[in-house]
Each structure stands twice: as C-alpha cells, then as structure tokens.
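Asks: Top line first, the protein sequences correspond to chains A and B. Numbering-wise (the working numbering), the first sequence opens with residue 621 and increments by one. Numbering-wise (the working numbering), the second sequence opens with residue 621 and increments by one. Shown below is the structure under consideration.
Protein chains: 2
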Amino acid sequence: MVQLYRELRGKDVGAVRAAIRANRYGSHTAGLGAGYLQTNLAILPEAFALDFMRFCQRNPKPCPLVGVSDTGNPALFTLGRDIDIRTDVPSYNVYRDGRLAERRSDIRDIWSNDMVAFALGCSFTFERALQEAGIPVWHIDNDTTVPMFRSNIDTVPAGPFGGKMVVSMRSIDAGAVDTVVAVSRRFPLAHGGPVHIGDPAAIGISEIGRPDWGDPAPVAEGQVPVFWACGVTPQVAIEAAGVPLCITHTPGHMLITDVPEDVEIPILTASNR
Amino acid sequence: MVQLYRELRGKDVGAVRAAIRANRYGSHTAGLGAGYLQTNLAILPEAFALDFMRFCQRNPKPCPLVGVSDTGNPALFTLGRDIDIRTDVPSYNVYRDGRLAERRSDIRDIWSNDMVAFALGCSFTFERALQEAGIPVWHIDNDTTVPMFRSNIDTVPAGPFGGKMVVSMRSIDAGAVDTVVAVSRRFPLAHGGPVHIGDPAAIGISEIGRPDWGDPAPVAEGQVPVFWACGVTPQVAIEAAGVPLCITHTPGHMLITDVPEDVEIPILTASNR
Numbered sequence: 621m622v623q624l625y626r627e628l629r630g631k632d633v634g635a636v637r638a639a640i641r642a643n644r645y646g647s648h649t650a651g652l653g654a655g656y657l658q659t660n661l662a663i664l665p666e667a668f669a670l671d672f673m674r675f676c677q678r679n680p681k682p683c684p685l686v687g688v689s690d691t692g693n694p695a696l697f698t699l700g701r702d703i704d705i706r707t708d709v710p711s712y713n714v715y716r717d718g719r720l721a722e723r724r725s726d727i728r729d730i731w732s733n734d735m736v737a738f739a740l741g742c743s744f745t746f747e748r749a750l751q752e753a754g755i756p757v758w759h760i761d762n763d764t765t766v767p768m769f770r771s772n773i774d775t776v777p778a779g780p781f782g783g784k785m786v787v788s789m790r791s792i793d794a795g796a797v798d799t800v801v802a803v804s805r806r807f808p809l810a811h812g813g814p815v816h817i818g819d820p821a822a823i824g825i826s827e828i829g830r831p832d833w834g835d836p837a838p839v840a841e842g843q844v845p846v847f848w849a850c851g852v853t854p855q856v857a858i859e860a861a862g863v864p865l866c867i868t869h870t871p872g873h874m875l876i877t878d879v880p881e882d883v884e885i886p887i888l889t890a891s892n893r
Numbered sequence: 621m622v623q624l625y626r627e628l629r630g631k632d633v634g635a636v637r638a639a640i641r642a643n644r645y646g647s648h649t650a651g652l653g654a655g656y657l658q659t660n661l662a663i664l665p666e667a668f669a670l671d672f673m674r675f676c677q678r679n680p681k682p683c684p685l686v687g688v689s690d691t692g693n694p695a696l697f698t699l700g701r702d703i704d705i706r707t708d709v710p711s712y713n714v715y716r717d718g719r720l721a722e723r724r725s726d727i728r729d730i731w732s733n734d735m736v737a738f739a740l741g742c743s744f745t746f747e748r749a750l751q752e753a754g755i756p757v758w759h760i761d762n763d764t765t766v767p768m769f770r771s772n773i774d775t776v777p778a779g780p781f782g783g784k785m786v787v788s789m790r791s792i793d794a795g796a797v798d799t800v801v802a803v804s805r806r807f808p809l810a811h812g813g814p815v816h817i818g819d820p821a822a823i824g825i826s827e828i829g830r831p832d833w834g835d836p837a838p839v840a841e842g843q844v845p846v847f848w849a850c851g852v853t854p855q856v857a858i859e860a861a862g863v864p865l866c867i868t869h870t871p872g873h874m875l876i877t878d879v880p881e882d883v884e885i886p887i888l889t890a891s892n893r
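Okay, structure coming up:
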C-alpha cells in the first residue's frame with residue numbers, strides 16, 4: 621500500500637479515484653490529488669436529511685456543507701464528473717443505531733433509494749494554505765493525527781442533531797497567530813477561522829496532552845494552542861441522534877473531488893467543468 | 621410613510637423591526653438598520669424544503685442561504701433574538717400554484733405547522749461595501765431599482781427547482797472592475813463575485829436598456845456592464861415549480877436581522893448574541 625501511495629501521489633484526481641473505486645487503494649488520502657478539494661462524508665436516510673442539512677447550515681464551522689446528493693442518486697455531480705459515492709471513498713464506517721457496526725471498502729450492497737449523501741469540507745485545505753504561508757503544522761511534519769477534543773461549546777441544534785462541538789488543536793508561535801487567523805478565515809468551507817485561541821480550560825478542555833481523538837501534540841514555549849471547529853462534530857451528533865443507519869468515511873480516508881481548492885464556490889458547472 | 625422612514629433611519633434594529641411588526645411601517649428597507657444583514661425570504665411547505673435547500677446549496681450565488689427555520693416555528697432564532705417571521709417583514713407576496721395571489725402586511729393567519737422559512741442574503745451588503753470602496757452605484761444614487769435580466773445561464777437543478785439564472789447589472793468604470801470583483805467576492809453570502817463581465821449578449825441579454833425587472837440604468841462611455849447573480853432567481857424557480865403555497869417578501873421589503881453585516885458566519889450564538 622505504501623508503494624501504491626507513492627505512485628498515486630504523482631497522479632491526477634481521476635487516476636486516484638479509479639484506484640480507490642477498483643479497491644486497489646484503501647488507505648488515507650492526505651497528500652493525494654494535490655490542489656483538489658477533499659471532503660468528509662455522511663450518508664443518511666432521507667427522513668433525517670432536512671434536519672441534518674439545517675444542522676449544517678446552523679453550524680457552518682464544524683459542518684461546512686460543500687455538496688448534497690439527490691435522494692437515492694449516488695452521483696455527487698456537483699463535485700465531480702463521475703463520482704459514485706458508493707465506491708469512491710477508500711474506506712467507509714457503517715453506524716447502526718448510533719454505533720460503529722463495520723468498516724468497508726464499498727457500500728454498493730447497503731446503498732438504498734432513500735439515502736442522501738452529504739459532503740463536508742475538511743481541514744486539509746486550510747492546513748495546506750498555512751504551510752504555504754510558512755506556518756509549520758506539527759502533526760503533519762511529525763506524521764501523526766491532529767489532536768481533537770470534546771469542547772464545552774454548544775452547537776446550534778436542529779431536530780435530533782445537537783450536542784457539543786469537537787475541536788482540533790494546532791500549536792502556533794505567538795507571533796504568527798494573527799496570520800493564522802487571517803489565512804484560515806479565507807476558507808469558510810474548510811472550518812474557517814479558529815473558534816478559540818489560548819487557554820484550553822476556557823472551552824472545557826482540562827488536559828491538553830490527552831486528546832479525545834487523534835494523537836497528542838506539544839505546545840512549545842512561546843506557542844499558543846489554537847482551536848478550530850472539527851469535522852468529527854457532525855459524526856458525534858449523528859451518533860447521539862441514534863440514526864438507524866448512517867455511513868461515513870473512515871477518518872482520514874476522504875472523498876477526493878474534481879473541484880479545485882481555490883474556486884470561489886465548490887460547484888462544478890458548465891463553465892468550470 | 622416618508623416621514624416615518626426618515627425617523628426609522630436613525631433607529632436601532634429592534635426599533636425598526638418593532639415598527640414593522642406593529643404594521644406602523646410597511647415600505648422598503650433600503651438604508652434601515654444600517655450595518656445589519658438584511659435578507660430575502662421564501663416560505664415553503666416542508667414537502668418542498670429539502671429540495672429547495674439542495675437548490676440553494678447548488679446555486680449559492682443566486683441563493684445564498686443565511687438562515688432556515690425549524691418546521692412550523694416562526695422564530696428565525698439564528699438571525700435574531702426575537703424574530704417572528706409571520707410579522708417582521710414589511711410586506712409579503714403570497715403565491716398560490718406559482719402565481720402571485722395577494723400582498724399582505726402579515727401572514728399570521730396563513731402560517732401553518734408544516735411551513736419552513738428560508739432567509740437568503742441580498743445585494744444591499746455588497747453594494748454598501750462597493751460604496752465604501754469609493755465605487756458609485758448608479759441605481760442607488762438615482763433612487764431607482766437595479767435592472768434585472770433573465771440570463772441564459774442554467775442553474776443546477778434540485779427536484780422541481782431549476783431554470784435560468786436572473787442577474788442584476790451595475791455599470792462600472794473599466795478601471796474599477798478589478799476592485800469591484802475583489803470587493804464583492806468578499807461577500808459570498810451576498811451573491812459573491814460577478815457571474816459575467818462585459819458583453820450582455822454572451823449571457824443571452826439582447827437589450828441592456830430593457831430589463832425584465834427593475835429600472836433601466838445607463839452604461840456610460842468607458843463603463844463596463846457587470847452582472848451578478850440575483851435573488852429573484854429562487855423566486856422564478858419557485859413559481860416555475862408550481863409550489864401550491866409559497867410566501868416571499870415583497871421585493872425591496874426585506875427582513876432586517878440582528879446579525880452584523882461583517883460577521884464571519886451569519887449565526888447568532890451565545891458568543892455574539
């Protein structure tokens with residue numbers, strides 16, 4: 621898989637997605653399809669779709685909605701020329717009644733005509749922009765997963781969806797915080813600006829060295845912990861809502877789209893297709 | 621009404637909305653509640669809400685969604701501390717089976733438990749920003765309505781909603797076009813950057829002096845016609861879809877919210893309420 625990952629790094633988006641679709645590649649997507657939007661995924665029965673969409677609209681930082689399928693149609697046509705959402709993600713998590721039931725490489729045989737697929741922006745986009753602005757991102761440089769925490773910040777509820785916001789933390793040199801805020805605010809569809817800067821206790825985090833998800837990352841002398849809304853938030857909300865069947869991507873195993881990261885709006889139309 | 625308008629110009633948002641709610645003021649809202657987001661309004665039966673929300677997600681320039689009510693709840697709580705969507709807009713248009721049936725100052729007696737209210741960003745926000753950047757806006761300076769045209773640009777359909785995009789036109793000095801693009805792109809929830817610059821015929825407009833809605837505006841020597849996606853687009857899509865009952869604001873008679881125009885996200889939360 622490592623050898624194939626190295627090969628795919630140099631390939632275009634179509635070739636990467638083809639390898640994933642053929643189940644030749646089933647690992648994480650960081651660094652693949654460079655320059656193109658990658659997204660989180662949540663698939664829900666239509667009965668929950670309107671409330672979930674309202675939840676996303678009300679909580680655009682943790683849940684930046686970039687694409688929604690027609691009910692029962694696995695083609696996410698606004699995000700790609702040929703995306704089949706049943707096969708084009710390297711690994712899927714299947715939740716039944718709010719619990720992780722299994723992990724799969726495709727969902728063709730459990731997809732049904734009442735399902736709606738939601739694609740949500742992810743942090744890869746702004747992390748790349750931070751690096752291009754000369755800001756080191758510790759977890760990337762050290763090949764670990766960003767530390768994520770359950771905060772005490774309330775989401776704005778919609779129907780059965782609600783609960784606390786999950787946040788991710790990146791340590792930033794004190795002198796670079798203003799730059800980091802400005803850069804990340806330019807990406808509203810990738811969580812936007814930070815939701816909190818500084819004292820972890822102020823948002824209910826008691827031990828910065830013990831994340832609820834991901835790996836610990838140091839806050840060095842002269843650095844400030846900066847917190848962003850995290851895409852795990854909708855996943856936790858879906859679990860708490862007890863939706864009978866929900867399918868998500870496996871964390872880190874994203875959907876790679878045909879939408880360039882720097883477009884004004886993440887919609888393929890006749891003019892940018 | 622003109623005297624009351626002058627009085628209300630100096631008042632805060634709460635006082636303006638109270639006058640509207642009490643049916644003391646029923647005219648246009650341009651220039652009122654300065655600094656606060658104003659929105660277009662569409663109220664639909666829940667059976668159409670998911671498709672309409674998908675239509676907005678897929679067409680964010682003509683339909684920038686800034687708020688959605690819970691089904692049957694007239695409080696648009698993410699946009700204001702006390703908004704009652706049945707009374708807080710100066711004038712409503714009621715469409716039955718796709719045709720304008722009546723105009724009213726409140727909709728308390730036709731609101732029902734299956735209705736969903738959608739608030740959409742409007743051009744007031746970026747027009748103010750253009751003026752602050754020193755760009756004259758002819759229709760404002762001449763107290764007319766911006767010219768609007770049916771273009772040949774397809775929207776991305778969702779369920780029964782689709783059709784061509786309606787665009788508004790502003791004449792811009794050739795040397796200021798780049799500034800205008802940059803300024804308006806900063807407001808993705810107020811139609812964002814232009815959808816077309818220059819030759820009207822390229823987007824299916826044969827007579828620039830004869831708009832389909834609004835008043836004609838000149839394109840002077842040295843100026844370029846610049847076109848933005850327009851909030852009349854969803855109204856036309858709703859009419860074409862033949863929704864049995866739909867309620868909108870009367871053009872120019874907007875909802876005035878408690879959300880400052882310059883916030884990063886248009887959601888009132890504990891931290892910005």
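Glycine included, every Cβ here is placed at the ideal spot set by N, Cα and C. Because the structure is a prediction, the values reported are computed rather than measured.
Strictly below 8 Å CB to CB, what residues from chain B border residue 885(A)?
Replies: 680, 681, 808 and 812
Asks: When the Cα of residue 684(B) is compared with those of 645(B), 630(B), 765(B) and 805(B), which residue comes out closest?
Replies: Distances from the CA of residue 684(B) to each of 645(B), 630(B), 765(B) and 805(B) were compared; the closest alpha carbon is that of 805(B).
Asks: How is residue 840(A) classed by DSSP in three states: helix, strand or coil?
Replies: DSSP places residue 840(A) in coil when its eight states are reduced to three.
Asks: CB residue 866(B) to CB residue 788(B), shorter than 9 Å?
Replies: no
Asks: Could you round the C-beta distance between residue 823(A) and residue 762(A) to whole angstroms and report it? I think they count as a contact, below 8 Å.
Replies: With a Cβ gap of about 24 Å, residue 823(A) and residue 762(A) do not count as contacting.
Asks: Beta carbons nearer than 9 Å to chain A: which residues of the stretch 717 to 741 of chain B have them?
Replies: 736
Asks: Determine, using beta carbons only, whether residue 702(B) comes closer than 9 Å to chain A.
Replies: False, the Cβ-Cβ gap to chain A never drops below 9 Å.
Asks: Which residues in chain B have a C-beta closer than 7 Å to the C-beta of residue 776(A)? List them in chain order.
Replies: 698, 887 and 889
Asks: Looking at the structure shown, is residue 675(B) part of a helix, part of a strand, or coil, going by DSSP?
Replies: Looking at residue 675(B) - three-state DSSP - the assignment turns out to be helix.
Asks: Quick check on the DSSP output: the alpha helix (DSSP H) that includes residue 634(B) runs from which residue to which?
Replies: 633 to 641
Asks: Would you be able to state if there are at least three C-beta pairs under 8 Å between the stretch 803 to 819 of chain A and the stretch 672 to 691 of chain A?
Replies: These segments touch.
Asks: With 9 Å set as the bound, which would you pick, yes or no: does the beta-carbon of residue 666(A) sit closer than that to a beta-carbon of chain B?
Replies: yes
Asks: Could you work out which residues of chain B lie near residue 677(A), taking near to mean beta carbons separated by less than 7 Å?
Replies: 685 and 688
Asks: With a threshold of 9 Å between beta carbons, is residue 853(A) in contact with chain B?
Replies: No, its Cβ sits nowhere closer than 9 Å to a Cβ of chain B.
Asks: Is residue 864(B) near the ligand MN, judged by its Cβ being under 8 Å from some heavy atom?
Replies: Absence of the ligand MN is noted for the structure shown, with no ligands found whatsoever.
Asks: Taking contact to mean 3 or more Cβ pairs, one atom from each stretch, closer than 8 Å, check whether the stretch 867 to 881 of chain A and the stretch 703 to 715 of chain A are in contact.
Replies: yes
Asks: How many angstroms separate the CA atom of residue 625(A) from the CA atom of residue 714(B)?
Replies: 57 Å
Asks: If you measure between the beta carbons of residue 665(B) and residue 801(B), is that distance less than 9 Å?
Replies: no
Asks: Below 8 Å, how does it come out for the stretch 832 to 845 of chain A and the stretch 776 to 783 of chain A: are there three or more Cβ pairs, yes or no?
Replies: no
Asks: Residues in its own chain within less than 7 Å of residue 745(A) by CB, not counting five upstream and five downstream?
Replies: 657, 807, 810 and 881
Asks: Please report whether the beta-carbon of residue 669(B) lies at a distance below 9 Å from any beta-carbon of chain A.
Replies: yes
Asks: Taking residue 674(A) as the query, report the chain B residues whose CB atoms sit under 7 Å from its CB, ordered along the chain.
Replies: 688
Asks: Any beta-carbon of chain A closer than 9 Å to the one on residue 779(B)?
Replies: yes
Asks: Taking residue 750(A) as the reference, give the member of 689(A), 803(A) and 836(A) with the closest Cα.
Replies: 803(A)
Asks: Determine the DSSP secondary structure at residue 670(B), reduced to helix, strand or coil.
Replies: Correct three-state label for residue 670(B): helix.
Asks: With a threshold of 9 Å between beta-carbons, can residue 805(B) be considered close to chain A, or not?
Replies: yes
Asks: Whose CA, out of 756(A), 695(A), 821(A) and 742(A), lies closest to the CA of residue 793(A)?
Replies: 756(A)
Asks: Under the rule that 16 or more other beta-carbon atoms within 10 Å means buried, what is residue 791(A), buried or exposed?
Replies: It counts as buried.
Asks: Taking the Cβ atom as the reference point for each residue, do residue 889(B) and residue 786(B) lie within a distance shorter than 9 Å?
Replies: Taking 9 Å as the Cβ cut-off, residue 889(B) and residue 786(B) do not qualify as a contacting pair.
Asks: Hey, does residue 707(B) have any beta-carbon neighbour from chain A nearer than 9 Å?
Replies: So no, residue 707(B) is outside the interface.
Asks: Let me confirm a value: residue 641(A) is counted as buried when at least 16 other C-beta atoms fall within 10 Å, else exposed. Which label applies?
Replies: buried
Asks: Look at the alpha carbon of residue 662(B) and the alpha carbon of residue 644(A), and state the distance between them as a whole number of angstroms.
Replies: 47 Å
Asks: Could you check whether residue 739(B) and residue 699(B) sit closer than 9 Å to each other, using their CB atoms as the reference points?
Replies: yes
Asks: Candidates 725(A), 686(A) and 630(A): which alpha carbon is nearest residue 883(A)'s?
Replies: 686(A)
Asks: Assuming residue 759(B) is part of the alpha helix (DSSP H), what are its boundary residues?
Replies: For residue 759(B), the uninterrupted alpha helix (DSSP H) run begins and ends at 758 to 761, by DSSP.
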